[in-house]
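Protein sequence lines correspond, in order, to chains D and F. The end of the first sequence is residue 446 by the working numbering, with every number in the run present. The end of the second sequence is residue 728 by the working numbering, with every number in the run present. Here a beta-carbon is modelled for each residue, glycine too, at the ideal position from N, C-alpha and C. Quantities reported herein were computed from a predicted structural model and do not represent experimental measurements.
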Amino acid sequence: MLDVTTISGVALAFVAGLAAAWMLFGIRIRRACISPGDARGATTPIRALDERLRRELEALSREHVLARRIVEERIGRFERMFASFPDPILVLDRHGDVVDANPAAKALAKIDADDDVRIDAVSPRSLEDMIGNRTAVRDVLEHVRAVVAAGSEAVRNAEFELDSDDPAGVGEETSRAFEAVIRTLDEHGRALLVLHDTTRERDSSRLKSEFVAKASHELRTPLSSIHASLEMLADGDLQDHAQRAEFLDIAIEETDRLAKLVNDMLDISGIEAGVARPRMTQVDLAEIATDVVDGLRAAADRRSVDLRLHVQPGLVVEGDPEMLSAVIGNLVGNGLKYVPEGERVTVAVDAEDLTRSVVVTVTDTGLGIPPGDLDRVFDKFYRIKRYERNARGTGLGLNLCRNIVEQVHHGRIGVDSRLGEGARFWFSVPASHPASMAA
Amino acid sequence: MNADSENRQRRILVADDEEYIVRVVSFKLESAGYEVVEAIDGADAWSKVRAGDIDLVLTDHQMPLMTGLELAGRIAADPATRHIPVIMLTARGFRLDAEEIVASRIVELIAKPFSPRGLLDRIRETLDSTERGGERGGERAA
Chain D
8 MLDVTTISGV ALAFVAGLAA AWMLFGIRIR RACISPGDAR GATTPIRALD
58 ERLRRELEAL SREHVLARRI VEERIGRFER MFASFPDPIL VLDRHGDVVD
108 ANPAAKALAK IDADDDVRID AVSPRSLEDM IGNRTAVRDV LEHVRAVVAA
158 GSEAVRNAEF ELDSDDPAGV GEETSRAFEA VIRTLDEHGR ALLVLHDTTR
208 ERDSSRLKSE FVAKASHELR TPLSSIHASL EMLADGDLQD HAQRAEFLDI
258 AIEETDRLAK LVNDMLDISG IEAGVARPRM TQVDLAEIAT DVVDGLRAAA
308 DRRSVDLRLH VQPGLVVEGD PEMLSAVIGN LVGNGLKYVP EGERVTVAVD
358 AEDLTRSVVV TVTDTGLGIP PGDLDRVFDK FYRIKRYERN ARGTGLGLNL
408 CRNIVEQVHH GRIGVDSRLG EGARFWFSVP ASHPASMAA
Chain F
587 MNADSENRQR RILVADDEEY IVRVVSFKLE SAGYEVVEAI DGADAWSKVR
637 AGDIDLVLTD HQMPLMTGLE LAGRIAADPA TRHIPVIMLT ARGFRLDAEE
687 IVASRIVELI AKPFSPRGLL DRIRETLDST ERGGERGGER AA
């Protein structure tokens, strides 16, 4: 049975359909209906009206198509931005459940992009399911409630850490740090949660703190010896000339160590901050290596270390001669310091055709470096446990070498070693002149 | 320097991987009449403490093989050595948390750079109070 409402609905639909038909086919209908006899008198105003309506309709239609295209384009743009945004973005409903998530957020939740997992108002996900950390979720949801309660434009920030199962950092800190921005999205109580990965900033800040702690320890150690020696001298504890000489020597040696430490720290910070001003010129590395070896010959003799030099003449690079000399000096000095008496340290300067560079190697026949330490010997203040007792240096020498070679000269530096079979430190700098290449 | 006859029998272990610090501290303590046993790292220190006859341990914190804190922890955990007071030289700002104070029983932290004169005073005070405390400890044990 059709009731009144249905009938009126049908009638309405019929009328609407008729109107639409008139609008679309009006011209043709009317052309067909108007007889040719009364065309002149009655059709002129109708035709004018008809024409005006047609033009307006066409204009409206064009505007509609244009507006629709603009909206579609904007939606498409926002969808692409949402999809390609590197930070995880989640839309939360008023209960704090996730009703939309971009691929970065899905990746955080370990949802494979190819799996086409649906997250929307019909199939929401819990936030804990997405980010997996109950404490962080509780914290974030509290902020969500606060921004929703505060209404439009409310923004809250939160920080939290999530455990990471990324095997890249074995033995290191593996949690990821995030900064969350939570803001109201609309009047339906939905909120937007944008997560920014701050792991790198956190790690960098930790490294800086560690550096400050280590630098502080390294500075205090010579200061302690200097202060103690001088105080004992002042207190009259040192009664004969030999004692006074011994403790004054300690104070002088530790002052030199302190000065070298401060210089190394300043040189490294200068290079790292990009404010070091190297004096680049054509440098013959063979000549520099010869000078360095000559300068260290006496030290080698004192320790009965056989110091040898093999160089090809005329191996020229563009570089700062003082800095390159410091690199070779540090590498040879380390060799002399750490090899047992009677062992050998060999310095060689060669051309490397393949990479068109000049390579300096310092090879020793000492104790070698444990495999676990190889990657870290160029780190600041890193000391190989078994050699700590021998370390009278600043702990910064190899790091300064790496900075000079890689940052200033765009070269490479490294070490090869097997425990018990000595070590081979090397660095290479691009050759600046074809004549420097081997025949 | 007048040797303090009362201190003549006391043996102090000085542990530091910095040979000059060991040298100046040992000189100061020996001049005051103490007998000094030197150790170059944490493991060396621990084996010398276990060998016996040490009245006080003065140790650096950052040492190879075993830190000063670990050394103090071992000394405190071993019934044969737990009566030995430990004074630790550290960087300024180094703090022990409550748990570490209990576990390590470190009696004093002295920041580097330190005054040998001040250090000697603290060692004297510590040995005096330990002697008194030791008697009380003996009563408790009995």
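Neighbour flag for residue i against chain F, beta carbons, 7 Å
i: GLU217 of chain D; result: no
i: MET287 of chain D; result: no
i: THR362 of chain D; result: no
i: HIS102 of chain D; result: no
i: SER231 of chain D; result: yes
i: ALA120 of chain D; result: no
i: ALA153 of chain D; result: no
i: GLU238 of chain D; result: yes
i: ALA475 of chain D; result: This structure leaves residue 475 of chain D out entirely; chain D is present only between 8 and 446.
i: SER182 of chain D; result: no
i: ILE257 of chain D; result: yes
Beta-carbon proximity list for residue i, same chain, < 6 Å, skipping 5 on both sides
i: LEU291 of chain D; result: According to the sequence provided, residue 291 of chain D is Asp. The question's Leu does not apply to it. These residues qualify, in order along the chain: VAL323.
i: GLY349 of chain D; result: SER311
i: ILE411 of chain D; result: MET330 and VAL334
i: ASN337 of chain D; result: GLY404 and CYS408
i: ASP170 of chain D; result: SER182
Cβ-Cβ distance between residue i and residue j below 7 Å
i: VAL643 of chain F; j: ILE607 of chain F; result: no
i: PRO131 of chain D; j: ALA111 of chain D; result: no
i: SER435 of chain D; j: SER364 of chain D; result: yes
i: VAL622 of chain F; j: ILE661 of chain F; result: no
i: THR368 of chain D; j: ARG431 of chain D; result: yes
i: ARG425 of chain D; j: GLY375 of chain D; result: yes
i: GLY402 of chain D; j: PHE388 of chain D; result: yes
i: ASP380 of chain D; j: ILE391 of chain D; result: yes
i: ILE189 of chain D; j: ARG163 of chain D; result: yes
i: ALA187 of chain D; j: ALA156 of chain D; result: no
i: VAL106 of chain D; j: ALA128 of chain D; result: yes
Range of the contiguous beta strand (DSSP E) that encloses residue i
i: VAL243 of chain D; result: Reading the sequence as shown, one finds Gly at residue 243 of chain D and not Val. Premise fails: GLY243 of chain D is in no beta strand (DSSP E) and is neither H nor E.
i: ASN164 of chain D; result: 162-169
i: PHE254 of chain D; result: That residue, PHE254 of chain D, is in no beta strand (DSSP E); its alpha helix (DSSP H) goes 248-279.
i: MET674 of chain F; result: 672-676
i: LEU331 of chain D; result: Unbroken run through LEU331 of chain D is the alpha helix (DSSP H), 328-345; no beta strand (DSSP E).
i: HIS150 of chain D; result: Run containing HIS150 of chain D: none in the beta strand (DSSP E); it sits in the alpha helix (DSSP H), 141-157.
i: PHE185 of chain D; result: 183-191
i: THR535 of chain F; result: Beyond the ends of chain F as shown, which are 587 and 728, falls residue 535 of chain F; an answer cannot be given.
i: PRO110 of chain D; result: Careful: PRO110 of chain D lies outside any beta strand (DSSP E), inside the alpha helix (DSSP H) at 110-115.
i: ARG351 of chain D; result: 351-359
i: SER424 of chain D; result: 419-424
i: PRO437 of chain D; result: 430-437
i: ILE96 of chain D; result: 96-99
Cβ of residue i within 7 Å of any chain D Cβ
i: ILE607 of chain F; result: yes
i: ALA677 of chain F; result: yes
i: PRO702 of chain F; result: yes
i: LYS634 of chain F; result: no
i: GLN595 of chain F; result: no
i: VAL623 of chain F; result: no
i: LEU615 of chain F; result: no
i: VAL610 of chain F; result: yes
i: GLU604 of chain F; result: yes
Nearest-angstrom beta carbon gap, residue j and residue i [assumed within contact, 8 Å]
i: VAL318 of chain D; j: ALA283 of chain D; result: Actually they are not in contact, since the Cβ atoms of VAL318 of chain D and ALA283 of chain D sit about 27 Å apart, beyond 8 Å.
i: ALA358 of chain D; j: ALA249 of chain D; result: The Cβ separation is near 54 Å, so there is no contact.
i: PHE89 of chain D; j: ILE82 of chain D; result: In fact, because the Cβ distance is near 10 Å, the residues do not count as touching under 8 Å.
Same chain only: Cβ atoms within 8 Å of residue i, ignoring 5 sequence neighbours per side
i: LEU255 of chain D; result: SER236 and LEU240
7 Å CB neighbourhood of residue i in its chain, flanking five on each side removed
i: ILE626 of chain F; result: ASP603
i: GLU717 of chain F; result: none
Extent of the continuous alpha helix (DSSP H) run through residue i
i: VAL688 of chain F; result: 684-690
i: ILE598 of chain F; result: From DSSP, ILE598 of chain F is part of no alpha helix (DSSP H) but of the beta strand (DSSP E) over 597-601.
i: ILE447 of chain D; result: The displayed coordinates of chain D run from 8 to 446. Any statement about residue 447 of chain D would go beyond what the structure contains.
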